[in-house]
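Engineer: The structure follows.
Chains as they are written, first to last, in UniProt numbering: chain A, 1 to 263; chain B, 1 to 300.
Following this line, the structure appears as structure tokens:
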């Protein structure tokens with residue numbers, strides 16, 4: 001399994017993939033951070049779905065990591081696309097047969113790939129977090145928001161919690177992408193279905209139908225990233241979303257192990 | 001030490017109602033170069049995929065390097081393979097692609113540059129795979145197959161897309177690997193190439209093995225042919241009739257009459273043609289080539 005992990009890292013480290021992913025992620029987190037702080041006095045709101053997050057809220061110890069947790073859903077979509085593409089492209093390039101000749105244990109191939117992609121996601125999330133925190137200080141200064149509470153131990157533990165939650169959520173989205181990649185065996189199909197499902201189907205239905213977010217893995221992962229909401233607890237969101245993912249990965253792992261590799 | 005590199009017994013693969021491979025029985029001796037031939041869709045690639053653990057047989061069993069094909073992890077570290085042409089990551093360089101496979105198999109990456117040089121890509125290792133020509137891709141596929149320093153090399157159409165010089169290089173490389181003790185199982189449509197390098201053959205038609213054994217035995221079993229060419233091309237059909245009237249099977253091929261018959265039949269045909277007022281420009285007894293034998297046996 002470690003051999004597969006090392007081999008997968010060679011592919012993930014290539015400049016065209018790693019730099020473009022970092023650029024996309026930094027753009028997303030930069031955008032959400034700048035909107036959160038620069039629109040703090042806007043009557044149209046400065047948070048997700050027009051929510052107003054006040055100067056006082058931003059000045060709290062948790063204010064430092066607020067924009068980072070807000071960006072988790074979009075970071076998750078990036079992870080979904082990468083995990084789905086890295087998995088499904090083995091079918092479209094025909095490279096799966098090479099992988100399986102060199103590593104016949106299909107479970108090792110699956111777990112090694114997943115491990116490497118998780119590491120890649122962690123590196124990307126940590127980089128995005130560092131940039132977000134730096135931008136938060138910068139924009140707080142611009143908008144004259146107090147950062148006195150951001151240096152306290154409460155702020156540090158809130159930041160650490162947010163880091164862990166965003167990583168858990170991002171990896172969850174990635175696993176969802178991997179499931180789709182194995183199921184559809186085409187990067188375009190897997191990515192488009194994943195993005196449509198998360199952004200349109202889940203997003204729209206959970207706005208219009210009350211309590212439906214409780215049953216949608218994408219919505220639940222977003223709640224995990226934000227540490228829970230008034231209606232859905234962190235624990236429920238974490239356990240339910242990962243139960244969905246474990247069920248999904250068990251089904252596709254079974255199919256992957258049994259299916260003939262004939263392309 | 002086992003004597004066979006590959007041994008399959010009653011191996012079959014059925015897709016829905018279609019039998020892709022039907023009760024195949026053959027063995028490939030250790031240290032041999034064995035050609036695997038058959039028309040498109042005859043089951044060659046399906047058989048190779050079963051030998052490599054990529055698809056599971058419907059019935060039957062097989063052994064590769066003495067291990068059961070249901071446990072490919074036991075023999076694949078000693079097997080190099082290129083199946084249905086080369087397949088690599090377009091955005092990675094040739095070197096990076098080989099490094100991925102070397103790490104995957106737990107092999108040293110030190111051999112990568114040497115292998116690239118061996119297949120004539122020494123100076124193109126840093127170019128991205130997507131910039132390679134078909135011939136270069138094929139060479140990279142062969143280099144990848146050589147990564148494990150294989151005891152058994154399974155190659156599916158290794159000369160596809162190569163120019164004549166490249167084909168000659170691959171032929172020499174396979175010969176060299178066989179001399180070093182590797183067993184080579186190679187499928188190709190270039191039958192003249194296989195005839196030159198293979199000492200064993202497995203021939204498939206519609207999923208069934210129709211010949212397995214030494215190439216020399218197959219060719220020796222074929223009836224020799226006398227090829228006659230009249231001075232005047234208008235006499236071709238007349239010459240066919242004369243050969244047939246002498247009790248021999250004759251066909252027109254490439255402006256010449258091919259008559260099945262032993263070497264001494266040439267003199268009889270010459271006399272009969274002369275008597276009918278036909279002057280022969282050339283008359284030569286030849287041994288059937290693998291290509292002719294293949295067409296005859298597969299009915300292509």
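Idealized CB from N, CA, C, for every residue including glycine. All values derive from a computational prediction rather than experimental measurement.
So what does residue 68 of chain B bridge to, in DSSP terms?
Structural biologist: The residue you call residue 68 of chain B lines up with position 68 of the second chain. B/63.
Engineer: Less than 8 angstroms between the C-beta atoms of residue 215 of chain B and residue 193 of chain B, yes or no?
Structural biologist: If you number the second chain from 1, residue 215 of chain B lands on position 215. If you number the second chain from 1, residue 193 of chain B lands on position 193. No.
Engineer: Can you pull the DSSP bridge partners for residue 12 of chain B?
Structural biologist: Taking the second chain and counting its residues from 1, one reaches residue 12 of chain B at position 12. When DSSP reads this structure, residue 12 of chain B sits in a beta bridge with B/59.
Engineer: Looking at the secondary structure, which residues open and close the alpha helix (DSSP H) in which residue 169 of chain A lies?
Structural biologist: Counting from 1 along the first chain, the entry for residue 169 of chain A is found at position 169. 153-184 is the extent of the alpha helix (DSSP H) around residue 169 of chain A.
Engineer: Looking only at its own chain, which residues have a Cβ that is under 8 angstroms from the Cβ of residue 87 of chain A, when we skip the five neighbours before and after it?
Structural biologist: The residue given as residue 87 of chain A occupies position 87 in the first chain. These residues qualify, in order along the chain: 113, 177, 178, 181, 182, 190.
Engineer: For residue 44 of chain B, which residues from the same chain have a beta carbon less than 8 angstroms from its beta carbon, with the 5 sequence-adjacent residues on both sides left out?
Structural biologist: Translated into positions along the second chain, residue 44 of chain B becomes position 44. Taken in chain order, the residues that qualify are 36, 37, 38, 156, 187, 204.
Engineer: Do residue 181 of chain B and residue 66 of chain B have their beta-carbon atoms positioned less than 8 angstroms apart in this structure?
Structural biologist: In the second chain, the residue the question calls residue 66 of chain B occupies position 66. In the second chain, the residue the question calls residue 181 of chain B occupies position 181. No.
Engineer: Along chain A, which residues have their Cβ under 7 angstroms away from the Cβ of residue 103 of chain B?
Structural biologist: If you number the second chain from 1, residue 103 of chain B lands on position 103. In chain order: 3, 6, 7, 10.
Engineer: Give the range of the beta strand (DSSP E) segment to which residue 29 of chain B is assigned.
Structural biologist: As a working mapping, residue 29 of chain B is identified with position 29 in the second chain. Counting along the chain, the beta strand (DSSP E) containing residue 29 of chain B begins and ends at 18-29.
Engineer: With distances taken Cα to Cα, identify the nearest neighbour of residue 21 of chain B among B/70, B/134, B/208.
Structural biologist: What you label residue 21 of chain B is simply residue 21 of the second chain in a count that begins at 1. Comparing alpha-carbon positions, the option among B/70, B/134, B/208 lying closest to residue 21 of chain B turns out to be B/208.
Engineer: Would you verify that the beta carbon of residue 94 of chain A is, or is not, closer than 8 angstroms to some beta carbon of chain B?
Structural biologist: For the purposes of this step, residue 94 of chain A is taken as the residue at position 94 of the first chain. Interface residue, yes.
Engineer: Let me see if you follow: with CB-CB separation under 8 angstroms, is residue 73 of chain B close to chain A or not?
Structural biologist: Within the second chain, numbered from 1, the residue matching residue 73 of chain B stands at position 73. Interface residue, yes.
Engineer: I'd like to know whether the C-beta of residue 185 of chain A is nearer than 8 angstroms to at least one C-beta of chain B.
Structural biologist: The residue you call residue 185 of chain A lines up with position 185 of the first chain. Judged by the 8 angstroms Cβ criterion, residue 185 of chain A is not in contact with chain B.
Engineer: Are the C-beta of residue 132 of chain B and some C-beta of chain A separated by less than 8 angstroms?
Structural biologist: Within the second chain, the letter at position 132 stands for residue 132 of chain B. With 8 angstroms as the cut-off, residue 132 of chain B does not count as an interface residue toward chain A.
Engineer: Counting only beta-carbon separations shorter than 8 angstroms, does residue 143 of chain B have a partner in chain A?
Structural biologist: Here residue 143 of chain B corresponds to residue number 143 of the second chain, with the count starting at 1. Output row for residue 143 of chain B: interface = no.
Engineer: At a CB-CB cut-off below 7 angstroms, which residues of chain B make contact with residue 309 of chain A?
Structural biologist: A query on residue 309 of chain A cannot be resolved here, the shown segment of chain A reaching from 1 to 263 and no further.
Engineer: Bridge partners for residue 208 of chain B per DSSP, in chain order?
Structural biologist: By one-based count along the second chain, residue 208 of chain B stands at place 208. Looking at the DSSP assignment, residue 208 of chain B forms a beta bridge with B/205.
Engineer: Say whether chain B places a C-beta atom closer than 8 angstroms to the C-beta of residue 104 of chain A.
Structural biologist: The count along the first chain starts at 1 and reaches residue 104 of chain A at position 104. So yes, residue 104 of chain A belongs to the interface.
Engineer: In chain B, which residues lie less than 7 angstroms from residue 101 of chain A when you measure between Cβ atoms?
Structural biologist: Here residue 101 of chain A is taken as the residue at index 101 of the first chain, counted from 1. Residues of chain B passing the Cβ test: 52, 76, 81.
Engineer: Sort A/117, A/132, A/213 by Cα distance to residue 30 of chain A and report the nearest one.
Structural biologist: Translated into the one-based positions of the first chain, residue 30 of chain A becomes position 30. For residue 30 of chain A, the nearest C-alpha among the options comes from A/132.
Engineer: Interface residues of chain A around residue 91 of chain B at Cβ under 7 angstroms?
Structural biologist: The residue labelled residue 91 of chain B in the question sits at position 91 within the second chain. Simply 14, 16.
Engineer: Counting only the same chain and skipping the five closest in sequence on each side, list residues whose C-beta sits under 7 angstroms from that of residue 35 of chain A.
Structural biologist: As a position in the first chain, residue 35 of chain A is number 35, starting the count at 1. For residue 35 of chain A, where only same-chain residues beyond five positions count, the Cβ hits under 7 angstroms are 46.
Engineer: Can you check which of these residues, A/12, A/40, A/10, is closest to residue 143 of chain A by C-alpha distance?
Structural biologist: On the first chain, position 143 is the one that residue 143 of chain A refers to. Of A/12, A/40, A/10, the residue nearest in Cα terms is A/40.
Engineer: Between the alpha carbons of residue 62 of chain B and residue 206 of chain B, how many angstroms are there, rounded?
Structural biologist: For the purposes of this step, residue 62 of chain B is taken as residue 62 along the second chain, with counting starting at 1. For the purposes of this step, residue 206 of chain B is taken as residue 206 along the second chain, with counting starting at 1. Rounded to whole angstroms, residue 62 of chain B to residue 206 of chain B spans 20 angstroms at the Cα level.
Engineer: Going along the chain, which residues of the segment 109-143 of chain A sit with their C-beta nearer than 7 angstroms to a C-beta in chain B?
Structural biologist: none
Engineer: Our contact map puts residue 12 of chain A next to residue 20 of chain A with C-beta atoms below 8 angstroms; I'd like the distance itself, whole angstroms only.
Structural biologist: Position 12 of the first chain, counted from the start, is the residue given in the question as residue 12 of chain A. Position 20 of the first chain, counted from the start, is the residue given in the question as residue 20 of chain A. With a Cβ gap of about 12 angstroms, residue 12 of chain A and residue 20 of chain A do not count as contacting.
Engineer: Just checking: is the beta-carbon of residue 260 of chain A within a distance shorter than 8 angstroms of some beta-carbon in chain B?
Structural biologist: On the first chain, position 260 is the one that residue 260 of chain A refers to. Judged by the 8 angstroms Cβ criterion, residue 260 of chain A is in contact with chain B.
Engineer: Using 8 angstroms as the limit for Cβ to Cβ distance, is residue 41 of chain B near chain A?
Structural biologist: Counting from one through the second chain, the residue named residue 41 of chain B turns up at place 41. So no, residue 41 of chain B is outside the interface.
Engineer: Residues of chain B with CB under 9 angstroms from residue 161 of chain A, in chain order?
Structural biologist: Here the question's residue 161 of chain A lines up with position 161 in the first chain. The premise fails here: residue 161 of chain A is roughly 36 angstroms from chain B at the closest Cβ pair, so nothing lies under 9 angstroms.
Engineer: For a contact meaning CB atoms closer than 8 angstroms, what does residue 87 of chain B contact in chain A?
Structural biologist: In the second chain, residue 87 of chain B corresponds to position 87, counting from 1. Within 8 angstroms Cβ-Cβ: 93, 94, 95, 97, 98.
Engineer: Quick one: Cα of residue 280 of chain B to Cα of residue 219 of chain B, how far?
Structural biologist: Taking the first residue of the second chain as 1, we reach residue 280 of chain B at position 280. Taking the first residue of the second chain as 1, we reach residue 219 of chain B at position 219. Using only the alpha carbons, I get a separation of about 28 angstroms.
Engineer: Let me know the secondary structure DSSP gives residue 198 of chain B once reduced to three states.
Structural biologist: Here residue 198 of chain B is taken as the residue at index 198 of the second chain, counted from 1. In this structure, residue 198 of chain B counts as coil in the three-state DSSP scheme.
Engineer: Look up residue 4 of chain B in the DSSP assignment and give the residues it is bridged to.
Structural biologist: On the second chain, position 4 is the one that residue 4 of chain B refers to. Beta-bridge pairing links residue 4 of chain B to B/29.
Engineer: Looking at chain A, is there any beta carbon in it that lies within less than 8 angstroms of the beta carbon of residue 138 of chain B?
Structural biologist: For this step, residue 138 of chain B is matched to residue 138 along the second chain. So, not an interface residue.
Engineer: Residue 6 of chain B and residue 51 of chain B - do their beta-carbons sit closer together than 8 angstroms?
Structural biologist: Taking the first residue of the second chain as position 1, residue 51 of chain B is located at position 51. Taking the first residue of the second chain as position 1, residue 6 of chain B is located at position 6. Taking 8 angstroms as the Cβ cut-off, residue 51 of chain B and residue 6 of chain B qualify as a contacting pair.
Engineer: Can you list the residues of chain A that residue 70 of chain B reaches, using a CB-CB cut of under 7 angstroms?
Structural biologist: For the purposes of this step, residue 70 of chain B is taken as residue 70 along the second chain, with counting starting at 1. The contacting residues do not exist; residue 70 of chain B stays about 11 angstroms from chain A at best.
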